[in-house]
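Here is the structure we will look at, set down as structure tokens.
Residue numbers (the numbering used here), protein chains in the order written: chain A, 48 to 329; chain B, 25 to 374.
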């Protein structure tokens with residue numbers, strides 16, 4: 048197994064070639080489920096069958112996608128509305144909290160932050176029952192605003208964490224200079240910190256967008272009404288419906304995955320930063 | 025698609041890496057301002073996390089097992105917990121969690137570390153960042169989406185089993201290979217008998233067949249597929265902070281490329297392994313969406329999980345007390361993993 052990379056002599060067989068072959072094979076494994084979804088989503092209802100799952104479609108058909116879109120588009124809209132509002136609100140809250148907890152510490156603030164952060168790690172099953180009852184009480188149960196509230200509140204720990212780490216790296220001298228110029232807690236934030244934290248907003252925004260879009264547990268418990276549900280729940284329902292053709296389910300999976308996939312492809316670098324900074328899959 | 029960032033928090037392996045060495049000597053009133061602005065968030069967390077957990081815990085001690093609210097305490101107080109651990113399905117769930125966790129974490133760490141090393145080794149190659157981005161891509165997708173795809177890949181009538189036909193493996197072995205995958209109810213290596221010999225009392229309360237449920241393996245493969253890219257990204261983040269001087273020095277001392285990884289780089293990555301394992305543990309202890317969409321409870325509860333148990337007992341069977349007790353057990357399992365980690369991170373910061 049040991050590669051001889053002695054710089055002086057060149058060998059004919061490179062271990063690098065073997066490692067390269069492994070990486071190429073790994074690509075096949077990682078793309079396999081995506082291949083299955085896309086290929087079968089593009090087949091028409093007559094062609095899609097269990098015995099030809101791996102075959103390319105004989106003719107491309109948008110039929111599956113049309114049907115999937117017809118069924119899922121109201122839920123796509125629900126998800127989009129929920130995700131955009133919840134992401135903006137929770138990013139802003141995280142920025143304020145992170146700023147105060149890194150630059151305006153007070154006795155016990157680190158301890159309070161740790162208590163806050165624990166909220167990120169709890170299995171949400173342990174709060175679901177009181178949560179549902181609380182939402183029923185304030186008349187937000189089964190509604191998108193209720194779901195937004197849930198995502199914003201349970202997003203506080205991680206958005207605060209990422210912003211706190213980000214602001215901690217901004218030198219205190221900058222704050223002191225602003226204070227000499229007469230700026231206070233609020234104006235330092237609005238005039239100095241926010242302009243500096245655009246990258247952090249992008250990272251947190253992508254992190255929250257992905258997490259909230261991909262959420263299943265809150266959506267399925269807080270919103271029982273199918274037409275008000277986010278797309279992840281609608282997709283799960285679709286895949287459990289036997290009257291629906293298989294190509295429609297596969298197209299539906301592609302449709303539901305598309306927003307986060309596009310975010311990943313376009314802004315992968317920020318995605319990686321976000322997962323390293325607040326690395327947990329909801 | 026772009027590169028893994030060079031400067032990340034992951035290298036030290038701490039979530040609370042932000043190190044505030046010096047806080048400017050601000051006036052008292054501004055500290056109060058800070059506290060006041062933070063107060064709504066603190067209250068929200070106090071209510072939605074701590075008060076809600078307390079409520080759930082209280083319900084777990086009561087007689088509330090129908091739609092009708094009943095907050096009278098059970099006698100004995102912990103009877104719901106006793107009922108829970110006496111419940112065969114819950115015993116299956118605990119078995120499944122432990123086995124799934126072991127397989128999934130070992131596989132995800134090995135695959136993720138392997139990919140990170142291979143990528144690091146080939147970092148000069150053309151299109152390597154494309155490879156890296158493909159491996160991480162599943163992490164951006166919802167468990168529901170991938171659960172739907174994997175469900176069909178491991179369907180015995182199609183998917184993987186078609187490969188046996190397509191690649192001629194069926195002809196080779198002389199009969200049709202058709203593993204049941206997620207529909208296989210078999211439990212391998214059952215330990216009940218040997219356990220009863222070692223500890224006779226175990227037969228009295230152990231109702232579940234303790235062994236390796238075959239149907240869990242496809243689920244662990246799907247979870248590994250989805251999260252090994254994340255593990256890879258964590259390790260690559262760590263490797264990028266190891267200076268090339270250290271590698272060069274090791275080579276000068278006569279290490280070959282493999283020894284550089286084994287003796288120099290891997291030991292330096294240990295803190296990352298710790299954080300990654302903790303994060304994966306936390307994912308696997310509460311795994312829900314993937315299993316729910318891919319297999320559901322499985323044949324003979326072979327792929328049932330505590331999270332599914334809580335969900336069904338709470339919202340379908342409305343056994344609120346039992347479901348609450350189960351969710352508190354889940355919380356305790358997560359807390360055992362997370363609290364030492366948080367305390368460690370906080371100490372390190374100070």
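We put the CB at the ideal spot given by N, CA and C, even for glycine.
A quick note: this is a predicted structure, and the numbers were derived from the prediction, not measured.
Applying the 10 Å Cβ sphere with the 16-neighbour rule, what's the burial state of residue 65 of chain A?
The residue labelled residue 65 of chain A in the question sits at position 18 within the first chain. Residue 65 of chain A should be labelled exposed.
To which residues of the same chain is residue 292 of chain A closer than 8 Å at the C-beta, ignoring the five residues directly before and after it?
As a first step, residue 292 of chain A is located in the first chain; it is residue number 245 there, counting from the start. So the list reads 92, 95, 111 and 114, once near-sequence residues are dropped.
Can you pull the chain A neighbours of residue 142 of chain B, defined as C-beta to C-beta under 9 Å?
Here residue 142 of chain B corresponds to residue number 118 of the second chain, with the count starting at 1. The contacting residues are 66, 67, 69, 70 and 73.
Spatial neighbours of residue 215 of chain A in its chain, beta-carbon cut-off 7 Å, leaving aside the 5 residues before and after:
In the first chain, counting from the first residue as 1, residue 215 of chain A sits at position 168. For residue 215 of chain A, where only same-chain residues beyond five positions count, the Cβ hits under 7 Å are 149.
Taking buried to mean at least 16 other C-beta atoms within 10 Å of its own C-beta, is residue 271 of chain A buried or exposed?
As a working mapping, residue 271 of chain A is identified with position 224 in the first chain. It counts as exposed.
Check each candidate in B:125, B:127 and B:141 and name the one with the smallest Cα separation from residue 293 of chain B.
As a working mapping, residue 293 of chain B is identified with position 269 in the second chain. Put simply, of B:125, B:127 and B:141 the residue whose alpha carbon is nearest the alpha carbon of residue 293 of chain B is B:141.
Give the range of the alpha helix (DSSP H) segment to which residue 221 of chain B is assigned.
What you label residue 221 of chain B is simply residue 197 of the second chain in a count that begins at 1. Run containing residue 221 of chain B: 216-222, per the alpha helix (DSSP H) assignment.
Mind checking residue 2 of chain B: buried by the 16 CB within 10 Å criterion, or exposed?
Examination of residue 2 of chain B is not possible in this model, given that chain B is present from 25 through 374 alone.
Cβ closer than 9 Å: which chain B residues qualify as neighbours of residue 261 of chain A?
On the first chain, position 214 is the one that residue 261 of chain A refers to. Here the neighbours are 164, 165, 166, 167, 168, 169 and 313.
Looking at the ligand FAD, does it come within less than 7 Å of residue 264 of chain B, judged from the CB to the closest heavy atom?
Absence of the ligand FAD is noted for the structure shown, with no ligands found whatsoever.
Should residue 282 of chain A and residue 54 of chain B be called a contact, given that it needs their Cβ atoms to be closer than 8 Å?
For the purposes of this step, residue 282 of chain A is identified with residue 235 of the first chain, where counting begins at 1. For the purposes of this step, residue 54 of chain B is identified with residue 30 of the second chain, where counting begins at 1. Cβ atoms of residue 282 of chain A and residue 54 of chain B: not closer than 8 Å.
For residue 170 of chain A, count the other beta carbons within 10 Å of its own beta carbon; 16 or more makes it buried, fewer makes it exposed. Which is it?
Residue 170 of chain A sits at position 123 when you count from the first residue of the first chain. Residue 170 of chain A is buried by the Cβ-count criterion.
When you compare only the Cα positions, how much space is there between residue 71 of chain A and residue 256 of chain B?
To locate residue 71 of chain A, count along the first chain from 1; it is residue 24. To locate residue 256 of chain B, count along the second chain from 1; it is residue 232. Going from the Cα of residue 71 of chain A to the Cα of residue 256 of chain B covers about 16 Å.
Give me the DSSP bridge partner(s) of residue 309 of chain B.
Working through the second chain from its first residue, we reach residue 309 of chain B at position 285. Beta-bridge pairing links residue 309 of chain B to no other residue.
Between the beta-carbon of residue 244 of chain B and the beta-carbon of residue 128 of chain B, is there less than 8 Å?
For the purposes of this step, residue 244 of chain B is identified with residue 220 of the second chain, where counting begins at 1. For the purposes of this step, residue 128 of chain B is identified with residue 104 of the second chain, where counting begins at 1. Yes, they are a contact pair.
Count the other CB atoms, across all protein chains shown, that sit within 10 Å of the CB of residue 252 of chain B; report buried if there are 16 or more and exposed otherwise.
Counting from 1 along the second chain, the entry for residue 252 of chain B is found at position 228. Classification of residue 252 of chain B: buried, given that the 10 Å Cβ count is 16 or more.
Short CB-CB distance (under 8 Å) between residue 46 of chain B and chain A
Residue mapping note: residue 46 of chain B aligns to position 22 of the second chain, counting from 1. Because residue 46 of chain B carries a pLDDT of 47, less than 50, the predicted location of this residue cannot be relied on, and the following value inherits that uncertainty. Yes, residue 46 of chain B lies at the interface with chain A (some Cβ there is under 8 Å from its Cβ).
Beta carbons nearer than 7 Å to chain A: which residues of the stretch 68-86 of chain B have them?
68, 69, 72, 73, 76, 77, 79, 80 and 83
Give the straight-line distance between the Cα atoms of residue 129 of chain A and residue 123 of chain A, rounded to the nearest whole angstrom.
Within the first chain, the letter at position 82 stands for residue 129 of chain A. Within the first chain, the letter at position 76 stands for residue 123 of chain A. Spanning the two alpha carbons is a distance of roughly 10 Å.
Touching or not, the stretch 309-321 of chain B and the stretch 161-175 of chain B, by the rule of three or more beta carbon pairs under 8 Å?
yes
Taking the beta carbon of residue 134 of chain B as the centre, do at least 16 other beta carbons fall within 10 Å, making it buried, or is it exposed?
Sequence index remark: in the second chain, residue 134 of chain B carries index 110 (1-based). That one is exposed.
Pull out every residue of the stretch 351-366 of chain B whose Cβ sits closer than 7 Å to any Cβ of chain A, in chain order.
351, 352, 354, 355, 358, 362 and 366
Quick one, which of A:229, A:188 and A:255 has its alpha-carbon nearest residue 204 of chain A's?
Counted from its first residue, the first chain places residue 204 of chain A at position 157. Nearest C-alpha to residue 204 of chain A among A:229, A:188 and A:255: A:255.
Spatially closest choice to residue 277 of chain A from A:211, A:192 and A:145, by CA coordinates:
Your numbering for residue 277 of chain A matches position 230 in the first chain. Considering only alpha carbons, the answer is A:192.
Can you confirm whether residue 157 of chain A, when its beta carbon is compared against all beta carbons of chain B, has any partner nearer than 8 Å?
For the purposes of this step, residue 157 of chain A is taken as residue 110 along the first chain, with counting starting at 1. True, the Cβ-Cβ gap to chain B drops below 8 Å.
Distance, Cα to Cα, residue 172 of chain B vs residue 209 of chain B?
Residue 172 of chain B sits at position 148 when you count from the first residue of the second chain. Residue 209 of chain B sits at position 185 when you count from the first residue of the second chain. Each residue's alpha carbon lies about 21 Å from the other.
By how many angstroms is the C-alpha of residue 76 of chain A removed from the C-alpha of residue 109 of chain A?
Locating residue 109 of chain A in the first chain gives position 62, counting from the first residue. Locating residue 76 of chain A in the first chain gives position 29, counting from the first residue. Roughly 26 Å between the two C-alpha positions.
Is the separation between the beta-carbon of residue 321 of chain A and that of residue 138 of chain A shorter than 8 Å?
Translated into positions along the first chain, residue 321 of chain A becomes position 274. Translated into positions along the first chain, residue 138 of chain A becomes position 91. No, the Cβ-Cβ distance between residue 321 of chain A and residue 138 of chain A is not below 8 Å.
What residues from chain B crowd round residue 182 of chain A, counting only those whose CB sits closer than 9 Å?
Here residue 182 of chain A is taken as the residue at index 135 of the first chain, counted from 1. Under the 9 Å cutoff, chain B gives no residues; its nearest Cβ is about 11 Å from residue 182 of chain A.
Quick one: grab the DSSP three-state call for residue 238 of chain B.
Taking the second chain and counting its residues from 1, one reaches residue 238 of chain B at position 214. Residue 238 of chain B carries a coil assignment under DSSP once its states are collapsed to helix, strand and coil.
Residue-level contact to chain A via CB, residue 127 of chain B, 8 Å cutoff:
The residue you call residue 127 of chain B lines up with position 103 of the second chain. Chain A, which has no Cβ nearer than 8 Å to the Cβ of residue 127 of chain B, makes this no.
According to DSSP, what are the bridge partners of residue 212 of chain B?
By one-based count along the second chain, residue 212 of chain B stands at place 188. Bridge pairing for residue 212 of chain B: B:236 [DSSP].
Enumerate, from N- to C-terminal direction, the unbroken alpha helix (DSSP H) stretches of 4 or more residues contained entirely within the stretch 100-147 of chain B.
103-110 and 112-145
Quick one, which residues of the stretch 164-178 of chain A are near chain B if we go by CB-CB under 7 Å, in chain order?
If the cut-off is 7 Å between Cβ atoms, the stretch 164-178 of chain A has 164, 165, 166, 168, 169, 170, 172, 173, 174, 175, 176, 177 and 178 near chain B.
Using 8 Å as the Cβ pair cut-off and three pairs as the minimum, do the stretch 204-218 of chain B and the stretch 232-242 of chain B touch?
Verdict: yes, contact present.
Nearest-angstrom Cβ-Cβ length linking residue 329 of chain B and residue 175 of chain B, presumed shorter than 8 Å
Position 305 of the second chain, counted from the first residue, corresponds to residue 329 of chain B. Position 151 of the second chain, counted from the first residue, corresponds to residue 175 of chain B. At roughly 16 Å, the Cβ-Cβ gap does not stay under 8 Å, so residue 329 of chain B and residue 175 of chain B are not in contact.
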